[in-house]
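Numbering (my numbering), first residue to last: 93 to 566.
Structure first, commentary second.
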Amino acid sequence: MPGPSVGRPSGGRPGLAGGGEAVTAGTTAPRPIAEVGELSAPAATPLVLRGVRPYGEGPRIDVRVEGGVISELGLSVDEGGADVVELPGMVLLPGLVDLHVHLREPGPGDAETIDSGLLAAARGGFSAVFAMANTKPATDTPEVAEAVWRRGQEAGLVDVHPVGAITKGLGGEELTDFQTLRDGAAKVRMLSDDGRCVGDPALMRAAVERAGKLGMLIAQHCEEARLTVGASAHEGEAAARLGLKGWPRAAEEAIVARDALLNRDYGGRLHICHASTAGTVELLRWAKAQGIPVTAEATPHHLSLTDARLEPDNGLFRVNPPLREESDRLALREALVDGTVDVVATDHAPHAARDKCCSFDAARPGMLGLETSLAIVHREFVATGLADWRFVARVMSERPAEIAGLPGHGRPIAVGEPANLAVVDPDSPWVASGEAMASIGDNTPFEGERYQARVALTVLRGRVTHRLDTDKDS
Ligand SMILES: [Zn+2]
């Protein structure tokens with residue numbers, strides 16, 4: 093299948109998405125936190141996507157986008173004055189939303205920057221991402237949050253929502269000022285010390301109570317630190333074989349259980365980051381059955397890899413929580429299909445080469461995820477027949493936008509809705525290569541993997557932010 097081609101009906105190839113130009117805010121907010129404001133005009137030129145299949149269903153149709161919203165859908169639409177993109181038979185989805193990325197800015201810039209991370213996100217089909225707070229310095233004040241948010245708006249590729257730290261400096265001792273984070277320019281709506289767990293149960297209780305009153309979401313990295321001292325791999329056969337100290341399932345599950353109970357008794361909404369074990373799935377199932385307002389994410393790597401892949405001299409497979417066993421992977425997969433686990437989030441975590449080109453034990457934990465996640469979800473769920481493209485739209489766009497209270501994303505593909513869109517070529521074989529990815533760090537565990545589905549086009553408020561050039565990229 094040929095790659096998409098961009099051109100006005102009269103010929104001539106317009107430029108792609110620019111940086112810099114200001115963009116419009118989304119629609120009305122369903123939650124108490126206001127949508128970020130003071131932004132501006134949508135893409136100036138209308139856009140027509142020709143021959144797409146929304147959610148991979150029904151006949152091929154055309155979609156016209158104007159003023160940053162979908163203005164017309166049908167077997168043929170007005171192409172007047174528009175940039176027309178041929179996307180024959182490709183799957184049209186709402187733009188993807190990632191609740192968990194590490195953009196490493198502010199920071200040293202040797203693993204990722206907001207610019208490089210957003211380019212990776214646009215290539216991955218994302219229109220909005222949540223940037224975790226373990227930056228340097230930590231995102232624990234409205235000023236740092238605003239700087240991250242503004243830098244994202246300047247880049248103009250993907251909406252960046254900074255996650256605020258739960259504790260000052262991610263130190264685990266003193267809560268940040270949730271309200272000033274929420275009321276600042278970046279309108280922080282999610283709080284997390286991700287990378288670390290809020291271990292002190294009394295502090296976590298206070299955080300849950302306070303965030304609940306302010307309508308903010310607490311996202312917990314579940315790791316009972318006393319059980320993972322010196323641990324680098326899942327506590328199982330592979331770790332034993334390689335002589336590595338094990339990271340037991342109970343270290344995750346104990347915190348999932350504790351925090352679900354705190355959430356039950358003290359209100360608020362709790363989100364479990366990177367669920368990795370079959371036991372966590374059982375706890376989530378129990379908590380949801382009790383009506384506890386807990387949600388959870390699973391990563392593409394926990395859904396597709398296990399600790400059978402670990403090698404002593406390869407740091408690329410080190411991640412936190414660690415890759416588990418096949419039974420855990422299968423439980424997560426089933427839980428995502430039945431809704432016990434709500435969403436896929438990448439935990440995109442670039443590292444400088446020196447931090448990954450070493451032994452497994454010495455490597456820093458984390459993996460790239462933004463440019464491979466859609467292809468992995470396609471391979472694990474759609475290609476296997478476990479689920480369809482509606483499911484992909486739900487777990488990678490609609491549900492994450494709902495959880496985060498993001499009104500302009502994860503919306504239905506319908507007239508009048510914001511034109512935040514991703515188009516996927518379901519039959520465009522490609523091979524993953526860390527070096528070819530936009531991130532500064534190259535640390536993908538999927539190096540050399542072959543995939544069938546590929547993001548062909550990403551649109552943010554009517555502007556093309558990524559277009560696959562098959563001549564150049566294949
Ligand atoms: Zn984490």
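C-beta atoms are modelled at their ideal positions from N, C-alpha and C, and glycine is treated no differently.
Computed from a predicted structure; not experimentally measured.
Nearest-angstrom beta carbon gap, residue j and residue i [assumed within contact, 8 Å]
{"i": "residue 451", "j": "residue 407", "result": "7 Å"}
{"i": "residue 320", "j": "residue 343", "result": "5 Å"}
{"i": "residue 213", "j": "residue 221", "result": "5 Å"}
{"i": "residue 255", "j": "residue 296", "result": "16 Å between Cβ atoms; not a contact."}
{"i": "residue 191", "j": "residue 237", "result": "Actually they are not in contact, since the Cβ atoms of residue 191 and residue 237 sit about 16 Å apart, beyond 8 Å."}
{"i": "residue 453", "j": "residue 336", "result": "6 Å"}
{"i": "residue 286", "j": "residue 311", "result": "7 Å"}
{"i": "residue 327", "j": "residue 347", "result": "In fact, because the Cβ distance is near 16 Å, the residues do not count as touching under 8 Å."}
Proximity to residue i [Cα-Cα], best of the options
{"i": "residue 189", "options": "529, 487, 516", "result": "487"}
{"i": "residue 228", "options": "200, 215, 242, 241", "result": "200"}
{"i": "residue 160", "options": "196, 501, 471", "result": "501"}
{"i": "residue 440", "options": "353, 269, 463, 187", "result": "463"}
{"i": "residue 415", "options": "307, 323, 482, 503", "result": "323"}
{"i": "residue 548", "options": "525, 518, 538", "result": "518"}
{"i": "residue 313", "options": "266, 328, 262, 453", "result": "262"}
{"i": "residue 168", "options": "545, 187, 144", "result": "144"}
{"i": "residue 403", "options": "523, 375, 449, 526", "result": "449"}
{"i": "residue 588", "options": "382, 373, 445", "result": "Within the shown structure, residues of the chain are numbered from 93 to 566, placing residue 588 beyond reach of any answer."}
{"i": "residue 250", "options": "325, 535, 395, 219", "result": "219"}
{"i": "residue 270", "options": "257, 277, 264", "result": "257"}
{"i": "residue 264", "options": "476, 277, 298", "result": "298"}
{"i": "residue 411", "options": "166, 278, 525, 535", "result": "535"}
{"i": "residue 382", "options": "366, 357, 394", "result": "357"}
{"i": "residue 181", "options": "528, 469, 370, 153", "result": "153"}
{"i": "residue 162", "options": "456, 149, 151, 187", "result": "187"}
{"i": "residue 226", "options": "405, 458, 394, 499", "result": "458"}
{"i": "residue 166", "options": "151, 173, 172", "result": "151"}
Residues bridged to residue i [DSSP beta-bridge criterion]
{"i": "residue 522", "result": "543"}
{"i": "residue 339", "result": "326"}
{"i": "residue 271", "result": "DSSP output for residue 271 lists no bridge partner at all."}
{"i": "residue 568", "result": "Residue 568 is absent from the model: the chain starts at 93 and stops at 566."}
{"i": "residue 245", "result": "DSSP output for residue 245 lists no bridge partner at all."}
{"i": "residue 253", "result": "222"}
{"i": "residue 460", "result": "According to DSSP, which records beta bridges pairwise, residue 460 is partnered with nothing at all."}
{"i": "residue 231", "result": "None, per the DSSP bridge assignment."}
{"i": "residue 436", "result": "390"}
{"i": "residue 184", "result": "146, 515"}
{"i": "residue 53", "result": "The shown model of the chain, from 93 to 566, leaves out residue 53, and the question about it has no answer."}
{"i": "residue 190", "result": "221"}
{"i": "residue 282", "result": "309"}
{"i": "residue 549", "result": "515, 559"}
Cut-off 7 Å between Cβ atoms - residues of its own chain near residue i, not counting five sequence neighbours on either side
{"i": "residue 465", "result": "216, 392, 436, 438"}
{"i": "residue 355", "result": "300, 362, 384, 385, 386"}
{"i": "residue 123", "result": "At residue 123 the pLDDT is 37, less than 50, meaning the model places this residue with poor confidence and gives no usable figure here."}
{"i": "residue 349", "result": "375"}
{"i": "residue 290", "result": "258, 259, 264, 296, 299, 312"}
{"i": "residue 526", "result": "460, 534, 535, 536, 539"}
{"i": "residue 170", "result": "156, 164"}
{"i": "residue 333", "result": "none"}
Sub-9 Å separation of residue i and residue j beta-carbons
{"i": "residue 135", "j": "residue 559", "result": "no"}
{"i": "residue 424", "j": "residue 387", "result": "no"}
{"i": "residue 543", "j": "residue 510", "result": "no"}
{"i": "residue 283", "j": "residue 308", "result": "yes"}
{"i": "residue 377", "j": "residue 432", "result": "yes"}
{"i": "residue 157", "j": "residue 513", "result": "yes"}
{"i": "residue 390", "j": "residue 418", "result": "no"}
{"i": "residue 442", "j": "residue 532", "result": "yes"}
{"i": "residue 360", "j": "residue 276", "result": "no"}
{"i": "residue 340", "j": "residue 278", "result": "no"}
{"i": "residue 546", "j": "residue 516", "result": "yes"}
{"i": "residue 495", "j": "residue 434", "result": "yes"}
{"i": "residue 524", "j": "residue 455", "result": "no"}
{"i": "residue 413", "j": "residue 366", "result": "yes"}
{"i": "residue 211", "j": "residue 528", "result": "no"}
Same chain, Cβ closer than 6 Å to residue i, neighbours up to 5 away in sequence not counted
{"i": "residue 196", "result": "203, 204"}
{"i": "residue 493", "result": "189, 501, 502"}
{"i": "residue 209", "result": "195"}
{"i": "residue 352", "result": "379, 384, 386"}
{"i": "residue 551", "result": "511, 513"}
{"i": "residue 260", "result": "232, 266, 268"}
{"i": "residue 489", "result": "186, 188, 189, 502"}
{"i": "residue 447", "result": "456"}
Cβ-based neighbour list, residue i, same chain, cut-off 8 Å, excluding 5 preceding and 5 following
{"i": "residue 397", "result": "409, 415, 421, 537"}
{"i": "residue 206", "result": "195, 197, 223, 240, 243, 244, 247, 252"}
{"i": "residue 147", "result": "183, 184, 185, 480, 481, 482, 485, 505"}
{"i": "residue 429", "result": "473, 478, 479, 483"}
Residue i Cβ short of 8 Å to ligand 3 heavy atom set
{"i": "residue 287", "result": "Inclusion of ligand 3 in the displayed structure is not the case, the ligand content consisting of ligand 1 alone."}
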